[in-house]
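Participant: Residue numbers (the numbering used here): 550 to 862.
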Ligand code: NDP
């Protein structure tokens with residue numbers, strides 16, 4: 550094991566909009582941050598084509614472009630990058646240790662911004678049509694589906710919320726759920742049921758996403774009760790079967806909520822460990838937007854800067 554002797558002021562783990570914003574702010578505060586950006590740097594924005602709702606881009610921007618400009622901006626103020634995955638975090642004594650394979654980086658503080666990943670059904674055709682009719686974010690992509698028919702898969706609050714939202718654009722929204730029992734809260738379910746543009750298809754799974762090579766043209770559906778296979782012609786599929794926070798590294802280390810998101814002290818980015826802050830989707834199951842991630846990344850940088858100052862570190 551090689552142990553670099555330098556003690557960093559702050560290590561940022563994860564490089565989506567939360568981490569990159571934390572990098573811009575900590576770099577401009579002269580903390581000379583080290584970002585360990587991961588092998589799939591950039592996070593969920595890297596699989597997003599058009600971003601039309603990030604303020605400052607009047608004509609929209611692609612997800613990868615947005616990440617690239619944020620990264621450049623953070624680099625301009627001295628952020629250093631390691632494009633590898635963190636393998637272990639040890640906060641048992643100060644300085645904290647962040648392991649990257651057999652390298653160990655010492656640091657006074659850590660900002661965690663490892664994000665979350667949308668869960669997908671797992672069909673090859675779903676992957677093939679990703680961003681070409683298949684999406685996991687109605688807020689991001691709903692506006693691309695004006696005057697067409699779409700489907701939402703899932704039976705939780707996210708599926709109900711996305712279905713309702715999509716009725717602003719689509720002529721019809723099918724909610725496809727694998728059983729008749731919904732995880733969604735009664736109020737959200739009732740609202741979706743009362744929406745005349747929404748039709749429920751229960752006890753049904755998506756067996757295949759159909760397309761013409763360029764975009765989605767329909768779905769092949771299978772009944773979980775009778776086994777009957779049917780085809781539905783439509784132009785969009787929104788997968789709303791949950792998200793998985795990327796917190797595997799922090800199990801047993803940080804306080805997580807019952808579904809695995811990092812718990813932060815309300816209104817701040819403080820975790821239960823002093824000097825460890827969390828920003829972005831890794832601590833947010835509700836908003837999950839690039840702009841809210843960036844906002845909490847800014848909060849983490851300010852919390853971290855003030856915390857370091859208070860330690861006279
Ligand atoms: P949930 O875990 O609540 O629901 C996931 C849904 O997807 C379930 O109906 C589940 O079915 C279904 N599902 C899971 N895997 C598959 C699969 N492979 N194929 C088909 N269907 C599948 O996730 P949500 O994202 O809906 O919600 C997460 C949390 O966020 C919840 O606590 C929710 O209340 C909260 N939330 C709150 C909102 C609000 O209050 N405004 C808005 C959005 C989310 P099954 O039931 O059969 O397991």
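We put the beta carbon where it would ideally sit given N, CA and C, even for glycine.
Note that the structure is predicted; figures quoted are calculated from it, not measured.
(1) What is the DSSP secondary structure of residue 714, reduced to helix, strand or coil?
(2) Run the proximity test for residue 674: is its beta-carbon closer than 6 Å to any non-hydrogen atom belonging to the ligand NDP?
(3) Taking the alpha-carbon positions, what's the residue 695 to residue 858 distance?
(4) Measure how close the beta-carbons of residue 753 and residue 725 come, nearest whole angstrom, since I'm counting them as under 8 Å.
(5) Taking the C-alpha atoms as reference points, what is the distance between residue 606 and residue 777?
(6) Put residue 622 into one of helix, strand or coil per three-state DSSP.
(7) Please return the same chain residues whose Cβ sits closer than 7 Å to the Cβ of residue 851, not counting the five positions on each side in sequence.
(8) Check for me: the beta strand (DSSP E) holding residue 629 runs from which residue to which?
(9) Rounded to whole angstroms, what's the CA-CA distance from residue 861 to residue 600? Just pull it up for me.
(10) Go to residue 794, then tell me how far its beta strand (DSSP E) extends in each direction, as first and last residue.
(11) Could you check if residue 833 belongs to the surroundings of the ligand NDP, using beta carbon to heavy atom distance under 6 Å?
(12) Report the start-end ranges of each beta strand (DSSP E) in the region 553-627 that is 3 residues or longer and not cut off at the edges.
(13) Would residue 767 and residue 780 qualify as a contact pair, given that the criterion is a beta-carbon distance under 7 Å?
(14) Would you be able to state if there are at least three C-beta pairs under 8 Å between the region 744-753 and the region 643-655?
(15) Cβ of residue 777 within 6 Å of any heavy atom in the ligand NDP?
Facilitator: Straight from the coordinates:
(1) helix
(2) no
(3) 51 Å
(4) 5 Å
(5) 47 Å
(6) helix
(7) 574
(8) 629-631
(9) 41 Å
(10) 792-794
(11) no
(12) 583-585
(13) yes
(14) no
(15) no
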